[in-house]
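Scroll down for the structure; my scribbles are underneath it.
Residue numbers (the working numbering): 23 to 232.
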């Protein structure tokens, strides 16, 4: 009877610990990121830290655009963290980010189009770093207590004119799991998707406020 009780207690404790160490996401400082774009005509807005934001002061306000082209999400295939992941997992994350942003913009009354126009803004995403630790590893950490692994992603987002290709704004953002309650404690993919959902809402809000 004591053995059964102890086993039940251990399983309950294990589930509780894993739930508490599972993650929603918070923005994190970005280290050693090298943009693939020309930043010479852009000025960094340090008020946006820990995200890195470069803006062109002569560009129209983001809120002046109502139509958007969302390019297929690119990835930095040379990044060691991305090389470690199964290609299908990376593809799933690319699709999720694209769909999340498109859904938020449509919900705000914007149009997603495929043809360049003077009043259309192009949005391009590049996933430059992506870590999705195994949920099984987190479960083993309950037996050998160490800090639970969390999802971690860095994305460079470029807003530019769809015709002239002039860059309006570049945003480099990194998010990682925070050890608080999460609705999907068994998968660190939830960290990445949570970050994408938050960023999609941030983009929607930025396009409203300009």
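Where is the CB? At the ideal position from N, CA and C, for every residue including glycine.
Excluding five sequence positions before and after residue 135, the CB atoms of its chain that fall closer than 8 Å to its own CB belong to 89, 90, 91, 142, given in chain order.
Between residue 49 and residue 73, the beta carbon gap of about 6 Å places them in contact (Cβ cut-off 8 Å).
Put simply, the backbone Cα of residue 114 is about 24 Å away from that of residue 52. Annotation for residue 150: the continuous beta strand (DSSP E) segment containing it runs 142-153.
By a beta-carbon distance limit of 8 Å, residue 211 contacts residue 154. Their separation comes to about 6 Å. Within the region 79-151, the complete beta strand (DSSP E) runs of at least 3 residues fall at 89-92. In the DSSP assignment, residue 74 falls within the beta strand (DSSP E) that extends over 74-77. Taking a C-beta distance under 7 Å as the contact criterion, residue 64 and residue 78 qualify as a contact pair.
Our two residues, residue 182 and residue 111, have alpha carbons roughly 28 Å apart in a direct line. When the Cα atoms are used, residue 180 and residue 102 turn out to be separated by approximately 23 Å.
The Cβ atoms of residue 95 and residue 104 lie no closer than 7 Å to each other. Counting C-beta atoms within 10 angstroms of its own C-beta, residue 229 has 16 or more neighbours from the protein chains shown and is therefore classed as buried.
For the options 199, 138, 227, the alpha carbon positioned closest to that of residue 187 is the one of 138. Counting other Cβ atoms within 10 Å of its Cβ, residue 152 reaches 16 or more and is therefore classed as buried. Under DSSP, residue 65 takes part in a beta bridge, and its partners are 77.
Put simply, the backbone Cα of residue 177 is about 23 Å away from that of residue 82. Around the CB of residue 215, 16 or more other CB atoms lie within 10 Å, so the residue is classed as buried. By the 16-neighbour rule on beta-carbons within 10 angstroms, residue 196 is buried. Excluding its 5 nearest sequence neighbours in each direction, residue 218 has C-beta neighbours in its own chain below 7 Å: 118, 119, 122, listed in chain order.
Sequence-distant partners of residue 185 (beyond 5 residues in either direction) whose C-beta falls short of 8 Å from its own C-beta, in its chain, are 138, 139, 140, 142.
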